[in-house]
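Below: the structure, in structure tokens.
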Amino acid sequence: MKFTGQPDFSHRRPLRTGVLITNLGTPDAPTTPALRRYLREFLSDPRVVEVPRPLWWLILNLVILVIRPPRSAHAYRGVWTEQGSPLLVHTRNQCEGLRQRLQAEYGEDLVVDFAMRYGNPSIPSVLQRMAEQGVTRLLVLPLYPQYSASTSASTFDAVAQDFAARRWLPDLRFISHYHDYAPYLDAMAEHIHSHWAQHGRAEKLLFSYHGVPKRYLTEGDPYFCECHKTSRLLAERLGLNERQWQVTFQSRFGREEWLQPYTDATLKALPGEGVKSVQVFCPGFSADCLETLEEIDVENRGYFMDAGGERFDYIPALNDCPAHLDALAALVHDHLGGWPDQDNGDAALAQRQRRAEDTRA
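Residue numbering for the sequence shown follows the working numbering, beginning at 50 and increasing consecutively.
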């Protein structure tokens, strides 16, 4: 096996610490071919779909990748922007805001970049770029507040797979979740209060999370519990009683049972229970994307209004709001602690080069 090295390595190059933020991913364009490529990569991940591979290959290639890409492309066209997909735009802005905050504290020897688990920019391409910039210490922050094997662990798999082919590995730290991190909770509470100040409050606030099959919970995945803990702590900060908020789960597919209650079924039922106004916020989504902008704000809005609802508000994700970026910067700061300083002064770099040359001689 040939390992990826750094043939142009120089001992005069500063040793840098890198912070890599990641998110799920996005197609390159809102077209059927682009969606087919994206969905093939996404749905081929055994962390995402835990079905025997031969059976799943048949289902994926003969059914799903024939039927789903045109439908998904149509949905993406409804949310696409001039700058690209919303998730890509927001993640890029989050990266830039985080870079400004962290470099103000740590200096320019701290490299901050972003990648997508599926699609572009890919994790391997960004890890290569960071290696070329002299990153010898790496902190990876997947922007999934609640841990799941299908998200956080899948990101670790991608990093580990890339490292398995590298000759020189950086020191590695990995943030697997931050569902109960106080600055993150405070940022969400501030964000929702700000929305209420501008738009008023509804009778009920739904906290809608991306769903996973129920059997993941029974097999030990903590995602369900972390979603509920996030929601309870957030509701406490908002001063809500138990009748004013509820946890639901969205984005299921396939025939097996997923985590319940389902967001769509809940919104269809609420008007019949006397709840005529509702607001939905998605604490598990760090940035707006197809699942929030189209599935929640369009599709599920329609379910609620068609069932007799009178007012539906989607409260946007935190995206790149200052409180969110401050919380992420604080989280990174907490996890960077303990690494000794690296001397990158001119004299130290020159001495490092001389010692290397003396050793080779």
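C-beta: ideal position from N, C-alpha, C; glycine also.
| Asked | Found |
| --- | --- |
| Residue nearest to residue 149 in terms of C-alpha spacing, selected from 304, 60, 377 | 377 |
| 4-residue-minimum alpha helix (DSSP H) runs that sit fully inside the region 248–283, ordered along the chain | 263–267 |
| Proximity below 8 Å, CB of residue 183 to CB of residue 64 | yes |
| Residue 233 - DSSP class collapsed to helix/strand/coil | helix |
| Whole runs of the alpha helix (DSSP H) within the region 155–241, excluding any shorter than 4 residues | 172–181, 203–212 |
| Contact set for residue 122: own chain, Cβ-Cβ below 7 Å, skip 5 residues either direction | 79, 80, 81, 84 |
| Contact between the region 325–344 and the region 98–105 (3+ Cβ pairs under 8 Å) | no |
| Same chain, Cβ closer than 6 Å to residue 134, neighbours up to 5 away in sequence not counted | 75 |
| Residue 91, DSSP secondary structure in three states | helix |
| Strand pairing of residue 69, partner residues [DSSP] | 162, 189 |
| Inter-residue Cα distance where the pair is residue 273 and residue 289 | 21 Å |
| Candidates 187, 305, 251, 228, of which the one nearest residue 217 by Cα | 187 |
| Residues near residue 335 in its chain [Cβ-Cβ closer than 6 Å; skip 5 each side] | 192 |
| Simplified DSSP assignment, three categories, for residue 321 | helix |
| Beta carbon of residue 70 nearer than 8 Å to that of residue 163 | yes |
| Inter-residue Cα distance where the pair is residue 87 and residue 115 | 13 Å |
| Strand pairing of residue 362, partner residues [DSSP] | 328 |
| Option in 50, 77, 381, 244 with minimal Cα separation from residue 223 | 381 |
| Residue 366 versus residue 337 - alpha carbon distance | 5 Å |
| Residues of its chain near residue 211, where Cβ-Cβ distance is below 7 Å and the 5 sequence neighbours each way are ignored | 172, 173, 176 |
| Distance CB(residue 353)-CB(residue 316) smaller than 8 Å | yes |
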